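Going down the list, the sequences are from chains A and B. Terminal number for the first sequence in our numbering: 227, no gaps in between. Terminal number for the second sequence in our numbering: 227, no gaps in between. In this text, a Cβ means the ideal position worked out from N, Cα and C, and glycines have one as well. All values derive from a computational prediction rather than experimental measurement.
Number of protein chains: 2
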Amino acid sequence: MIPTEALEIQIEWGMAWDTQETRRRLRQAACEEFTAHGPDGTTMARIAARAGINKERLYNYFGDKRRLFEAVLTEELEKLATSLGANAPGLEHIGEYTGCIFDYHAENPQLVRLLLWEGLSQGPAVNEPARTAHYQRTVAKFAEAQRNGILDDDLDPAKLVFLLIGLAAWWFAVPQLSRMVTGSDGSNSKERSRRRACVVSAAQHLASPRP
Amino acid sequence: MIPTEALEIQIEWGMAWDTQETRRRLRQAACEEFTAHGPDGTTMARIAARAGINKERLYNYFGDKRRLFEAVLTEELEKLATSLGANAPGLEHIGEYTGCIFDYHAENPQLVRLLLWEGLSQGPAVNEPARTAHYQRTVAKFAEAQRNGILDDDLDPAKLVFLLIGLAAWWFAVPQLSRMVTGSDGSNSKERSRRRACVVSAAQHLASPRP
DNA sequence: TTCAATTCCAACGCTTTAGTTGGACATCGT
DNA sequence: ACGATGTCCAACTAAAGCGTTGGAATTGAA
Numbered sequence: 017m018i019p020t021e022a023l024e025i026q027i028e029w030g031m032a033w034d035t036q037e038t039r040r041r042l043r044q045a046a047c048e049e050f051t052a053h054g055p056d057g058t059t060m061a062r063i064a065a066r067a068g069i070n071k072e073r074l075y076n077y078f079g080d081k082r083r084l085f086e087a088v089l090t091e092e093l094e095k096l097a098t099s100l101g102a103n104a105p106g107l108e109h110i111g112e113y114t115g116c117i118f119d120y121h122a123e124n125p126q127l128v129r130l131l132l133w134e135g136l137s138q139g140p141a142v143n144e145p146a147r148t149a150h151y152q153r154t155v156a157k158f159a160e161a162q163r164n165g166i167l168d169d170d171l172d173p174a175k176l177v178f179l180l181i182g183l184a185a186w187w188f189a190v191p192q193l194s195r196m197v198t199g200s201d202g203s204n205s206k207e208r209s210r211r212r213a214c215v216v217s218a219a220q221h222l223a224s225p226r227p
Numbered sequence: 017m018i019p020t021e022a023l024e025i026q027i028e029w030g031m032a033w034d035t036q037e038t039r040r041r042l043r044q045a046a047c048e049e050f051t052a053h054g055p056d057g058t059t060m061a062r063i064a065a066r067a068g069i070n071k072e073r074l075y076n077y078f079g080d081k082r083r084l085f086e087a088v089l090t091e092e093l094e095k096l097a098t099s100l101g102a103n104a105p106g107l108e109h110i111g112e113y114t115g116c117i118f119d120y121h122a123e124n125p126q127l128v129r130l131l132l133w134e135g136l137s138q139g140p141a142v143n144e145p146a147r148t149a150h151y152q153r154t155v156a157k158f159a160e161a162q163r164n165g166i167l168d169d170d171l172d173p174a175k176l177v178f179l180l181i182g183l184a185a186w187w188f189a190v191p192q193l194s195r196m197v198t199g200s201d202g203s204n205s206k207e208r209s210r211r212r213a214c215v216v217s218a219a220q221h222l223a224s225p226r227p
């Protein structure tokens with residue numbers, strides 16, 4: 017194992033070991049590996065090698081592989097919630113609201129992949145009670161917006177929330193299908209903005225109040 | 017390894033080896049294992065054990081693990097295409113058309129899982145040229161229906177096809193999310209028909225001609 | 001009956017992986 | 001200075017997985 021540059025510098029400076037930085041780098045490397053290869057395809061040795069840190073630190077800091085995956089996913093979900101809290105407009109602009117979720121996934125494609133791997137694993141979701149409570153609050157907001165005429169009330173609010181999330185995430189969930197159907201892999205920025213416009217428009221068709 | 021009952025019977029009867037049946041059982045077992053655990057989580061030994069047939073037959077008949085996965089996925093895609101060809105209504109009933117795709121996934125939940133695993137694997141899709149051609153034909157039909165006023169032409173036809181597929185498949189793609197958002201796991205048949213109705217309605221909102 | 005081809009399988013080799021261990025090195029309070 | 005504590009890592013163990021092999025059983029044909 018090659019000692020990492022940053023670590024060498026710290027030792028040269030005679031500073032205390034920056035364990036928080038070590039943890040952060042391991043978590044970052046784990047996120048990249050899990051995103052790319054999934055829980056089963058990822059090896060602890062590769063994570064450690066990517067971080068430039070010994071494998072044993074992974075076990076010492078995060079327990080086993082399963083708990084490391086949970087830690088990574090939980091952190092990514094918090095980042096999404098934080099970003100949406102800061103950027104998402106109100107439900108009166110439901111198209112842009114959904115477009116904002118689309119944007120987050122476009123800039124952080126790892127989250128959808130982590131969520132899909134979690135869903136494929138069957139069994140209970142990571143941190144399920146807290147996440148359920150969070151979604152229930154969102155559903156309650158949608159229900160209120162429907163009562164106030166801000167959103168169309170044709171669809172059950174929970175199902176509307178679920179479908180809008182899908183609308184924003186679907187492009188990133190099955191890239192091979194999007195490539196085969198549209199003929200583009202979505203890395204083109206023109207195509208990406210067309211996809212976004214399509215998501216915004218579809219969200220409006222689904223949820224905007226109808227006369 | 018325990019010799020299988022069916023195999024014993026054949027030997028007792030003194031019949032020739034039923035190699036087609038052996039292949040079929042291996043493919044079936046492989047489909048179940050890949051669906052449940054994904055390419056990386058599945059072991060060749062488990063597939064063989066589930067089929068009650070020796071592992072070596074897998075390699076002899078299907079090559080390696082990758083090619084076996086491809087064979088399984090290709091067959092499942094053919095089953096979907098066959099079923100839709102027989103059951104799906106015309107595009108003038110776009111809601112039911114999408115509901116029909118939903119029904120197929122509800123009865124064959126393995127296909128979505130196989131497709132998601134394929135998508136997560138990155139790299140080219142299995143049998144990509146033929147599948148691309150198939151989707152392009154579907155897109156062409158949608159485009160014609162738009163020109164004829166049978167479908168709304170607000171959305172690009174390829175993107176409309178892609179979104180409708182997502183609408184039908186999303187419930188099965190992220191069951192943990194559907195559980196957290198709606199509070200039901202979807203095994204309840206009442207809830208399932210509500211989800212179907214919601215998909216049908218959403219498809220109409222997205223694609224039915226507007227005045 | 002005997003022979004070549006085919007189907008089957010138990011057991012093996014080799015690699016990879018999850019998780020552990022024992023000890024070296026750094027830090028800090030006393 | 002020095003021991004207690006915490007940080008780090010090379011090397012290890014035990015198990016599991018992929019793909020192979022050598023040979024046994026079965027068949028149909030000569």
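Considering Cα atoms alone, identify which of the options is closest to residue i.
| i | options | result |
| --- | --- | --- |
| R195 of chain B | A:L93, A:R147 and A:R43 | A:R147 |
| T90 of chain A | A:Y151, A:A141 and A:L42 | A:A141 |
| E112 of chain A | A:S99, A:R226 and A:A219 | A:A219 |
| S203 of chain A | A:E123, A:E94 and A:R40 | A:E123 |
| T35 of chain B | B:A61, B:E49, B:N76 and B:D168 | B:N76 |
| V12 of chain A | B:H53, B:L131 and B:R163 | Lying before the first or after the last residue shown, residue 12 of chain A is absent from chain A, which here runs from 17 to 227. |
| Y151 of chain A | A:S224, A:L167 and A:I181 | A:I181 |
| L127 of chain A | A:L93, A:C116 and A:A61 | A:L93 |
| S99 of chain B | B:E108, B:I117, B:A87 and B:F50 | B:I117 |
| D169 of chain B | B:P225, B:E144, B:E37 and B:E49 | B:P225 |
| E86 of chain B | B:L42, B:K95 and B:E134 | B:E134 |
| G199 of chain A | B:N164, B:T38, B:E144 and B:A45 | B:E144 |
| K95 of chain A | A:C47, A:R211 and A:L193 | A:C47 |
| V88 of chain A | A:G165, A:L136, A:P125 and A:R43 | A:R43 |
| I110 of chain B | B:R208, B:E72 and B:G165 | B:G165 |
| A185 of chain A | A:P227, A:V215, A:T59 and A:A45 | A:V215 |
| R212 of chain A | A:L193, A:Q192, A:K81 and A:L183 | A:L183 |
What is the DSSP secondary structure of residue i, counted as helix, strand or coil?
| i | result |
| --- | --- |
| N70 of chain A | coil |
| A104 of chain A | coil |
| R226 of chain B | coil |
| S200 of chain A | coil |
| R96 of chain A | Correcting the residue type first, residue 96 of chain A is Leu in the shown sequence and not Arg. Correct three-state label for L96 of chain A: helix. |
| V216 of chain A | helix |
| L179 of chain B | helix |
| D169 of chain B | coil |
| A141 of chain A | coil |
| V128 of chain B | helix |
| V190 of chain A | coil |
| N164 of chain A | coil |
| T114 of chain B | helix |
| G30 of chain B | Any reading at G30 of chain B must be qualified, since the residue scores a pLDDT of 37, below 50, and its modelled position is unreliable; the value itself is stated next. Coil at G30 of chain B, not helix or strand. |
| D119 of chain A | helix |
| D80 of chain B | coil |
| T35 of chain B | helix |
| T90 of chain A | helix |
| T51 of chain A | helix |
| T58 of chain A | coil |
With 16 other CB atoms within 10 Å as the buried threshold, where does residue i fall?
| i | result |
| --- | --- |
| E24 of chain B | The predicted model places E24 of chain B with a pLDDT of 32, which falls under 50 and marks its position as unreliable; any figure quoted below should be read in that light. Counting Cβ neighbours within 10 Å, E24 of chain B comes out exposed, since fewer than 16 surround it. |
| D172 of chain B | buried |
| P105 of chain B | exposed |
| T114 of chain B | buried |
| W29 of chain A | Bear in mind that a pLDDT of 37 at W29 of chain A, under 50, signals an unreliable position, so the model cannot answer this. |
| Q138 of chain B | exposed |
| K175 of chain A | buried |
| G101 of chain B | exposed |
| A149 of chain A | exposed |
| G54 of chain B | buried |
| R83 of chain A | exposed |
| T51 of chain B | buried |
| R40 of chain B | exposed |
| A61 of chain B | exposed |
| P19 of chain A | For P19 of chain A, the pLDDT reaches just 32, beneath the cut-off of 50, and the residue's location in the model is therefore unreliable, leaving the point undetermined. |
| R153 of chain A | exposed |
| A223 of chain A | buried |
| E49 of chain A | buried |
| A97 of chain A | exposed |
Three-pair Cβ contact test at 8 Å for the segment 59-72 of chain A versus the segment 107-121 of chain A | As far as the Cβ criterion goes, the segment 59-72 of chain A does not touch the segment 107-121 of chain A, which means the pair count is below three.
Could you tell me whether the segment 158-178 of chain B touches the segment 147-162 of chain A, using the rule of 3 or more Cβ pairs below 8 Å?
-> no
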